[in-house]
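Colleague:
There are 2 protein chains.
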Amino acid sequence: MPEPTTKSEPQETEQRIFEAALTVFASKGRDGARMQDIADRAGINRALLHYYFRTKQQLYQAVFAHLFQQYVNSFSESLQLDGTFGENLRDFIDRYIDYVREHQDMARLMMNENLAGGSLLGEHLAKAFATKGSPQQKMQQAIRKAVETGEIRPVCPRQTMLTIISSCAFFFLIAPTVKVMNPLAATDFDAFIEARKQHVFEVLYHGLALKGEAT
Amino acid sequence: MPEPTTKSEPQETEQRIFEAALTVFASKGRDGARMQDIADRAGINRALLHYYFRTKQQLYQAVFAHLFQQYVNSFSESLQLDGTFGENLRDFIDRYIDYVREHQDMARLMMNENLAGGSLLGEHLAKAFATKGSPQQKMQQAIRKAVETGEIRPVCPRQTMLTIISSCAFFFLIAPTVKVMNPLAATDFDAFIEARKQHVFEVLYHGLALKGEAT
DNA sequence: GTCTATATCTCGATAGAC
DNA sequence: GTCTATCGAGATATAGAC
Chain W
17 MPEPTTKSEP
27 QETEQRIFEA
37 ALTVFASKGR
47 DGARMQDIAD
57 RAGINRALLH
67 YYFRTKQQLY
77 QAVFAHLFQQ
87 YVNSFSESLQ
97 LDGTFGENLR
107 DFIDRYIDYV
117 REHQDMARLM
127 MNENLAGGSL
137 LGEHLAKAFA
147 TKGSPQQKMQ
157 QAIRKAVETG
167 EIRPVCPRQT
177 MLTIISSCAF
187 FFLIAPTVKV
197 MNPLAATDFD
207 AFIEARKQHV
217 FEVLYHGLAL
227 KGEAT
Chain A
17 MPEPTTKSEP
27 QETEQRIFEA
37 ALTVFASKGR
47 DGARMQDIAD
57 RAGINRALLH
67 YYFRTKQQLY
77 QAVFAHLFQQ
87 YVNSFSESLQ
97 LDGTFGENLR
107 DFIDRYIDYV
117 REHQDMARLM
127 MNENLAGGSL
137 LGEHLAKAFA
147 TKGSPQQKMQ
157 QAIRKAVETG
167 EIRPVCPRQT
177 MLTIISSCAF
187 FFLIAPTVKV
197 MNPLAATDFD
207 AFIEARKQHV
217 FEVLYHGLAL
227 KGEAT
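Quick note, the sequences are listed as chains W and A, same order. Okay, so the first sequence: first residue is 17 according to this note's numbering, each after it adds one. Okay, so the second sequence: first residue is 17 according to this note's numbering, each after it adds one.
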């Protein structure tokens, strides 16, 4: 064990900054975010942000890079996708929605980056693919295989992948709108999420499967 | 004709401010936007922004309200949805994607507002529904009817509507990501859009239709 | 209606005490 | 490692000339 620190654990503080920064960046974007807001949310002083991460830019990039790393490592690793296409599709939808549910700020941050032009996306996406393959890549490969074996209709794997993640992620990002338009989402968002899992699977499975195959 | 103005048409200037403000707000959000950027893009001075719209807040709200008005009036009016469900679905998908294509900044602005909490969404959404019904409301009604007549499987109209707009709008908002992952989207986005229209219709139609009905 | 100049405030970042 | 105090840049907004 190292020598005792003057005050609380430094790692703990850095973690609090990370989480606070993620939340604020996710809501307001890189330029809209205020260092004061991040400091307040982390329960520390503004100057301490600059002690850990010299500039706002570096803090933003650190958060961004960390989320990508975490996404590839924790989500992708647990994906098997070695069953029938129907099993794989349900598994992916369930896990993807669960992951986004637990990492909504990450999804919002990525969307903000896209809206702002996405200058950071290129390198990180490329790196994620180069290492172990992203969850999307895995599922896309499963779609391609199912098309080749004739398990599903001859759809474009890329378009299909886009349709799946659209159906799974979009509603989180427009949650304020969804809660205005759907009573269930407003009163019990978790119940709404479970209903959505089932709906997305049913529609997409029937939409992809060959006629004659039922659920 | 009214008396001649000192310089150029005032209406023209206000319009240019509107469009410039929309683009900047759409990219950076309400707080991230800079009045200087808007003025530059509109080709005028910063002070003139305050002459037309006193504050940044008022400019933002004016742009937001105008877009809602325009959306309900121009898009909703042209929707018929009086054919078979398949015809209605294809019609909606084509028109919705075309509308978002021509109003990408509006879509981005709405997403930014959602990400920031959506405090402006409630009243405007409520007002849009109260008047003539939004395009979404119309299509949702068509889904409900098709379920009742047995034309399609007994799906939840609200969930289905969400799946349709997710599949039609999400890819515009993450265009930077899509262009990294899909070669066609990077080289010819218009061709990609047309391919997407077809894909979304096919998957969703087969996903909703009763077995035995083909395209 | 449009500009220049300026007032006022807020933000990001640093210096230095503890 | 954490704070207070402060500097300087850049932001919104206003005043006043044209």
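Even for Gly, the Cβ is constructed at its ideal location relative to N, Cα and C.
Let me make sure I understand the geometry here. Which of W:Arg174, W:Glu93, W:Gln31, W:Ala58 has the alpha-carbon closest to that of Lys148 of chain W?
Modeller: Of the listed residues, the one whose Cα sits closest to Lys148 of chain W is W:Glu93.
Colleague: Would you mind working out which of A:Ile209, A:Pro192, A:Ser183 sits nearest Leu131 of chain W, comparing C-alpha positions?
Modeller: Comparing Cα-Cα distances from Leu131 of chain W to each of A:Ile209, A:Pro192, A:Ser183, the minimum goes to A:Pro192.
Colleague: From Cys184 of chain W to Ser43 of chain W, what distance separates their C-alpha atoms?
Modeller: Answer to the nearest angstrom: the Cα atoms are 20 Å apart.
Colleague: Do three or more CB pairs link the segment 147-165 of chain W to the segment 159-178 of chain A at distances below 8 Å?
Modeller: Counting Cβ pairs under 8 Å, fewer than three are found: no touch.
Colleague: Return the residues of the segment 112-144 of chain W that lie within a Cβ-Cβ distance of less than 7 Å from chain A, sorted by chain order.
Modeller: Going along the segment 112-144 of chain W in chain order, one finds Arg124, Met127, Asn128, Asn130, Leu131, Ala132, Gly133, Gly134, Leu137, Gly138, Leu141 with a Cβ nearer than 7 Å to chain A.
Colleague: Using a Cβ-Cβ distance under 8 Å, would Ser92 of chain A count as near chain W?
Modeller: Chain W contact via Cβ: absent.
Colleague: Taking DSSP as the reference, what is the three-state secondary structure of Ala49 of chain W?
Modeller: The answer is coil: DSSP assigns Ala49 of chain W none of H, G, I, E or B.
Colleague: Could you tell me the boundaries of the alpha helix (DSSP H) in which Ile159 of chain W lies?
Modeller: Looking at the DSSP string, the run of the alpha helix (DSSP H) that includes Ile159 of chain W is 151-164.
Colleague: Check whether the segment 168-177 of chain A touches the segment 105-118 of chain W, counting contact only when three or more Cβ pairs, one atom from each stretch, lie closer than 8 Å.
Modeller: As far as the Cβ criterion goes, the segment 168-177 of chain A does not touch the segment 105-118 of chain W, which means the pair count is below three.
Colleague: Give the straight-line distance between the Cα atoms of His82 of chain A and Leu38 of chain W, rounded to the nearest whole angstrom.
Modeller: Each residue's Cα considered, the two are about 32 Å apart.
Colleague: In terms of alpha-carbon separation, which member of W:Met51, W:Pro151, W:Tyr67, W:Arg50 lies closest to Glu30 of chain W?
Modeller: Checking every option, the nearest Cα to that of Glu30 of chain W belongs to W:Tyr67.
Colleague: Are Leu220 of chain W and Ile190 of chain W closer than 8 Å when you measure CB to CB?
Modeller: Contact flag unset, no.
Colleague: Over what stretch of residues does the alpha helix (DSSP H) that includes Thr100 of chain W continue unbroken?
Modeller: Where Thr100 of chain W is concerned, there is no enclosing alpha helix (DSSP H), given that its DSSP letter is neither H nor E.
Colleague: At a Cβ threshold of 8 Å, is Pro151 of chain W touching chain A?
Modeller: No, Pro151 of chain W lies away from the interface with chain A (no Cβ there is under 8 Å from its Cβ).
Colleague: List the endpoints of the continuous alpha helix (DSSP H) containing Asp204 of chain A.
Modeller: That residue, Asp204 of chain A, is in no alpha helix (DSSP H); it is neither H nor E in DSSP.
Colleague: If His222 of chain W and Gly223 of chain A are in contact, beta carbons under 8 Å, what's the gap, nearest whole angstrom?
Modeller: Their Cβ separation, rounded to whole angstroms, is 5 Å, which keeps His222 of chain W and Gly223 of chain A in contact under 8 Å.
Colleague: Under 8 Å between the Cβ atoms of Lys195 of chain W and Ala202 of chain W?
Modeller: Yes, the pair counts as a contact, with Cβ atoms nearer than the cut-off.
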